[in-house]
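> Next up is a structure, given as structure tokens.
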Amino acid sequence: MKIAVIGQGYVGLTISAFAGEHFEVVGFDNNYKIVDRLNSGMSHIEGVESAVIRKFIKRGSYKATSLGRDIENVDLVVIAVPTPLTRDRKPDLTYVESACKTIGENISRPVLVINESTSFPGTLRNFIKPAIEKYSKVQIEHLYAISPERVDPGRGDFNQKNTPRLFAGLTPEASKMTRDFYAKFCDKLVEVSSPEVAEAAKLFENTFRQVNIALVNEFAQITHSLGISVYETLNAAATKPYGFMKFNPSAGVGGHCIPVDPTYLAAIAEEHGAPATFIRRANEVNLQMSEYIVKRVAEDNGGSLQGKSVLVVGVAYKPNVADVRETAAELVIGHLRSQGAVVSWHDDVVGNWKGESSAPLQGADIAVVVTKHDGVDEKKILSSAPYVFDTTGKVKGAKGL
Ligand SMILES: NC(=O)c1ccc[n+]([C@@H]2O[C@H](COP(=O)([O-])OP(=O)(O)OC[C@H]3O[C@@H](n4cnc5c(N)ncnc54)[C@H](O)[C@@H]3O)[C@@H](O)[C@H]2O)c1
């Protein structure tokens with residue numbers, strides 16, 4: 053079987069790497085640089101080894117492309133393109149629409165189309181299927197299914213193989229083919245009764261995290277005002293063997309999922325006249341954490357950051373990845389600069405970001421740790437400035453939440 057994966061980013065390349073062991077994979081991406089890199093055997097995604105891409109290329113089971121005609125004779129298509137928010141924080145399905153256009157214009161016999169991009173319930177049925185039909189030159193009855201992606205890039209313990217995968221087809225035939233496809237490389241498949249249930253479950257998983265992160269971020273502010281340690285209190289609560297799940301406070305949430313997906317759920321809820329108050333409030337609390345942290349840092353440093361050199365340590369949105377999408381570091385840096393601080397940042401995993409390069413981990417008046425990669429030495433962080441504020445709870449001896 054030959055498959056096409058539309059989008060060769062975190063999700064698409066990861067799925068290509070697993071599927072490539074069993075199928076011939078065409079990795080379609082409209083970013084030429086990514087395509088060229090992949091065809092030269094270099095992976096740009098953590099967790100996907102370049103050696104795997106090279107192995108597939110050598111045996112003829114993988115090819116990256118930006119040409120629509122390269123997908124015309126595939127049997128199955130996976131959609132793995134971004135689903136961000138618009139400037140006014142509404143679901144932005146333009147990438148999904150463009151993927152549907154590629155499929156519609158280039159595939160003229162019935163195939164199975166599986167959506168892995170995260171979106172609100174009804175996207176497969178009411179958006180993807182009609183969009184592909186709109187762009188198709190001839191009338192074709194494709195099969196449609198959803199299998200929301202749960203991959204956590206950079207994570208060692210859970211991957212495509214051992215993370216249970218939800219799925220549902222628009223028809224029983226689509227469900228069966230979807231099961232057969234993923235069964236090749238996933239240990240556990242969980243079929244639900246409709247695509248809408250799978251779509252909603254994915255959004256709720258990330259909303260659960262968003263709301264609980266906001267709750268613990270608010271709790272950190274409460275414990276600080278009471279003069280007690282948030283970490284000790286959380287560890288104490290976590291000794292309860294049931295009914296409690298520990299979340300850690302932080303500078304906010306980042307990445308393509310937690311700051312974005314809940315807003316997809318809120319949008320569809322509000323469209324249907326249902327409340328989404330927790331989601332909206334959680335978003336506010338998480339966004340405000342950066343301001344709260346900068347306020348704490350200023351208070352500890354004589355009330356003003358004017359002219360002080362501040363080194364932000366770790367700008368990736370989470371440890372051990374180079375991903376800076378929606379990173380809380382951006383907000384922290386913005387607040388520091390608006391207070392007159394002279395800000396640089398250190399993150400050798402990211403290297404370059406927004407036209408700036410990673411600065412040495414030394415010589416600042418103040419260091420604020422936003423993300424702590426495993427490879428960054430705690431002692432070096434502590435000696436990088438006379439005052440270190442740690443938002444991660446990982447740098448012992450620093451000031452912190
Ligand atoms: N990154 C994660 O951890 C994660 C986890 C679960 C689900 N998801 C979801 O998976 C989807 C993809 O996310 P991602 O992290 O892989 O994004 P990404 O930005 O890493 O990759 C998307 C890729 O799609 C390409 N692309 C964009 N529009 C295209 C088009 N019309 N045709 C072909 N290629 C196109 C981009 O060039 C990019 O390489 C999103 O809906 C996201 O919410 C992401």
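Just so we're aligned: the sequence shown equals residues 53 to 453 in our numbering.
Just so it is clear, CB atoms sit at the ideal spot from N, CA and C, and this is done for glycine as well.
Per DSSP, which one or two residues make a beta bridge with residue 54?
76
> What separation, rounded to the nearest whole angstrom, lies between the Cα atoms of residue 88 and residue 184?
Rounded to the nearest angstrom, the two C-alpha atoms are 27 Å apart.
> Assuming residue 250 is part of the beta strand (DSSP E), what are its boundary residues?
Not the beta strand (DSSP E): residue 250 falls in the alpha helix (DSSP H), residues 247 to 278.
> Are the region 83 to 97 and the region 190 to 203 touching by the rule of at least three beta carbon pairs closer than 8 Å?
Between the region 83 to 97 and the region 190 to 203, the count of Cβ pairs shorter than 8 Å is below three; the stretches do not touch.
> Under 8 Å between the Cβ atoms of residue 314 and residue 275?
Going by C-beta atoms, residue 314 is not nearer than 8 Å to residue 275.
> Could you give the first and the last residue of the continuous beta strand (DSSP E) run that contains residue 379?
Unbroken run through residue 379: none, as it is neither H nor E.
> In the DSSP assignment, what are the bridge partners of residue 102?
Answer is none; residue 102 lacks a bridge partner.
> What are the residues that DSSP puts in a beta bridge with residue 220?
198
> Taking the alpha-carbon of residue 152 as reference, which of 181, 75, 338, 317 has the nearest alpha-carbon?
181
> Thinking residue 433 and residue 447 are a contact (beta carbons under 8 Å), I'd like their distance in whole angstroms, please.
5 Å
> Over what stretch of residues does the alpha helix (DSSP H) that includes residue 140 continue unbroken?
Counting along the chain, residue 140 falls outside any alpha helix (DSSP H), and DSSP gives it neither H nor E.
> Does the distance from the C-beta atom of residue 420 to that of residue 365 stay below 8 Å?
yes
> How is the beta strand (DSSP E) around residue 117 delimited, first residue to last?
Residue range 114 to 117 is occupied by the beta strand (DSSP E) that includes residue 117.
> The beta strand (DSSP E) with residue 395 in it runs from where to where?
That run of the beta strand (DSSP E) goes 394 to 398.
> Would you tell me roughly how many angstroms separate the C-alpha atoms of residue 277 and residue 270, rounded to the nearest one?
11 Å
> For residue 442, name the three-state secondary structure that DSSP assigns.
strand
> According to the Cβ coordinates, are residue 272 and residue 263 closer than 8 Å?
no
> What do you reckon, are the CB atoms on residue 341 and residue 368 nearer than 8 Å?
No, the Cβ-Cβ distance between residue 341 and residue 368 is not below 8 Å.
> Span of the alpha helix (DSSP H) holding residue 462?
This structure cannot speak to residue 462, because the chain is shown only from 53 to 453.
> Taking 7 Å as the cut-off, is the C-beta of residue 158 nearer than that to any heavy atom in ligand 1?
no
> Comparing C-alpha positions only, which one of 374, 411, 346, 402 sits nearest to residue 389?
346
> How long is the line joining the alpha carbons of residue 111 and residue 242, rounded to whole angstroms?
32 Å
> Find out if the Cβ-Cβ distance for the pair residue 223, residue 166 is shorter than 8 Å.
no
> List in chain order: all unbroken alpha helix (DSSP H) runs of 4+ residues lying wholly within the region 291 to 367.
313 to 323, 329 to 352
> Hey, quick one: how far does the alpha helix (DSSP H) through residue 185 stretch, first residue to last?
181 to 187
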